[in-house]
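Structure, as C-alpha cells:
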Amino acid sequence: MDYIFIEQIKSLINSSHEGDYWDFKQAWYTENERLLHDILCFANTVHNKNCYIIIGVSDIGEVVGVSEVNRRKQADILDMLSNIVFAGDNSPEVRVDTILLEGVEIDVITVLNSFRVPFYLKSKSKKYNTIKEGYIYTRVGDKNTPISQNASIQYIELLWKKRLGLTQPPLEQIASRLENKSEWAINDETHYNIYRPEFMSLEEYDDDEDDRRKGEFYVYSQCNSKFLYKGLKIMCNQTVLKEFELISLDSGRYKTPIPTWGYVGHDEYGVNYKYSYKYFMMDSIDYKLKKFFFDSDDMEEVYAKRRFDEVILYFDDNKERLSFEFYAENRQRLVEQYIKDADKTYFQIDVSDEHVKKIEKHRISTGLAFNRLLKEYREMLTKSALMS
257 MDYIFIEQIK SLINSSHEGD YWDFKQAWYT ENERLLHDIL CFANTVHNKN CYIIIGVSDI
317 GEVVGVSEVN RRKQADILDM LSNIVFAGDN SPEVRVDTIL LEGVEIDVIT VLNSFRVPFY
377 LKSKSKKYNT IKEGYIYTRV GDKNTPISQN ASIQYIELLW KKRLGLTQPP LEQIASRLEN
437 KSEWAINDET HYNIYRPEFM SLEEYDDDED DRRKGEFYVY SQCNSKFLYK GLKIMCNQTV
497 LKEFELISLD SGRYKTPIPT WGYVGHDEYG VNYKYSYKYF MMDSIDYKLK KFFFDSDDME
557 EVYAKRRFDE VILYFDDNKE RLSFEFYAEN RQRLVEQYIK DADKTYFQID VSDEHVKKIE
617 KHRISTGLAF NRLLKEYREM LTKSALMS
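Yeah, the sequence shown ends on 644 if you go by the numbering used here, and it's all consecutive.
What follows is the structure, given as C-alpha cells:
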C-alpha cells in the first residue's frame, strides 16, 4: 500500500474534524442506501481531489477500529454500483483499503476524483426508495446535500463546467486533456485538440541551438547515443502559455521533456554538491507530456524508455523529493557503495574526452544508485506507516 496514502489518512484523522473531501464513520453502514448517498455526494465535488470515507473513526477523530458487522469489501461496493442505472452509464469509481492504526483496523472508501460529473440516477432503484432519480447530490464543506433535496442550481452548473473542463485555468485544462490521447490529432508539427482546436494546441519546433549542445548523461544509457533537441509551445488561442525543451533519444525512438536536475550531499568544504541526478515529478505537466508522447505499442520505444527510466528518478510530488534528498544526504556511505555496484554495469559512452566520459559514467551510476535507494526509501516508509 502507498505510504503517502497512509500518511494522508493519518493526517486527516489527526485534524479531528471532517471536511469537504473526507468524512468519519464510527462503524460500517447498516443500509446500502445511505452508503450510496454518501458516495454520490463525494463523487459530485467541484474540487479535483480524491475523497475519503474513513470507517472506524469517531466524529472527533478518535480511532476505534471496525468490527466485522456489516463490513464490506471492495467487490461488494462495486457490485452495488453495477446494479444501479446511472445517467449516461457513468458511475463513480471507488476503492476500499484497510489500514492498521493504533493496533486496530480501519477501512477507507476512496471515491476517486472524476471529470465525468455530475453522477446521478437515471431511474429509480427498487432497492433504494429515498434516493431520487435525476437528483444531483453533492458535498459543500462538511455537509452533504440532504437525500430529499437537489443540489443548488449554482453548484450543479459548476459540476457541468468541471465536466467540460471550464473550471480550470487554460494551462491546467490542456494538461488534463493530455491524459486522453484520443482527443488529440497532429498536423505537421502541431498537436491540436479535436474538440477545441482553436483553443488547445502543442506546437513543436526545431531548437536552433541544438547543434551546439552536448547530450546529457542519459543519452548514453541508450543503445544508440544519437539525440536531437526540440522545443514545444503550449498554445491557447495563439497565446504561448508555456514552453518546454524536448529531447529525442536513441536516434528518434523515444521523445521526452528534459528532466530536472536535483542535487544531494555537500563536498568536504561544504560548497559543491557531491551528487547530481535528474528527475520528474509525477504531478507536473512535464510528466503528463512525457506520457502523452509515449507510444506503448512501439516496442523499440518501450525498450528505449526502460533504459531511460533506469537512470532517471520519479517522485510523487516535491514533498517526496525533498524528503528523499534528506534521506540520501544522511546515507552517503550507502550511496557510495551503490554507485560502486552500479559502476559494474556497462554503458557505451561515445565521447573522445576521457574526463568527460568519466563524468557521464558517474552520473549514470548515480542515477542507477539513487533509483535503488529510492525503492528502499519507499519500502521503509510503507513498513513504518503500517507499523505505526
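Ideal Cβ placement from N, Cα and C applies to all residues, glycine included.
Just so you know, these numbers come straight off a predicted model, no measurement behind them.
DSSP places residue 352 in the uninterrupted beta strand (DSSP E) bounded by 350 to 357. Runs of the beta strand (DSSP E) lying entirely within the stretch 339 to 408 and spanning at least 3 residues, in chain order: 350 to 357 and 360 to 367.
Residue 394 sits buried, since 16 or more C-beta atoms from the chains shown fall within 10 Å of its C-beta. Shown here, residue 283 sits in coil according to DSSP, grouped into three states, outside any helix or strand. Counting only unbroken stretches of 3 or more residues, the beta strand (DSSP E) elements lying wholly within the stretch 549 to 576 are 569 to 571, in sequence order. At a Cβ-Cβ threshold of 8 Å, residue 534 and residue 513 do not count as neighbours. Exclusion of the five residues before and after residue 528 leaves 522 as the residues of its chain whose Cβ lies within less than 8 Å of its Cβ. The three-state secondary structure of residue 460, taken from DSSP, is strand.
Rounded to whole angstroms, the gap between the alpha carbons of residue 563 and residue 546 is 15 Å. Under the Cβ criterion (8 Å, minimum of three pairs), the stretch 397 to 410 does not count as touching the stretch 330 to 339.
Counted as a single uninterrupted DSSP element, the stretch harbouring residue 307 is not any alpha helix (DSSP H) but the beta strand (DSSP E) occupying residues 307 to 311. Between the alpha carbons of residue 542 and residue 415 lies a gap of roughly 27 Å. For residue 442, the enclosing beta strand (DSSP E) covers residues 440 to 443. If you draw a straight line from the Cα of residue 544 to the Cα of residue 536, it comes to about 10 Å. Per DSSP, reduced to three states, the secondary structure at residue 484 is strand.
Pairing residue 308 with residue 366 gives a Cβ-Cβ distance under 8 Å. Under the three-state reduction of DSSP, residue 434 is assigned to coil, being neither helix nor strand. Residue state for residue 500 is assigned as strand, using DSSP reduced to three classes.
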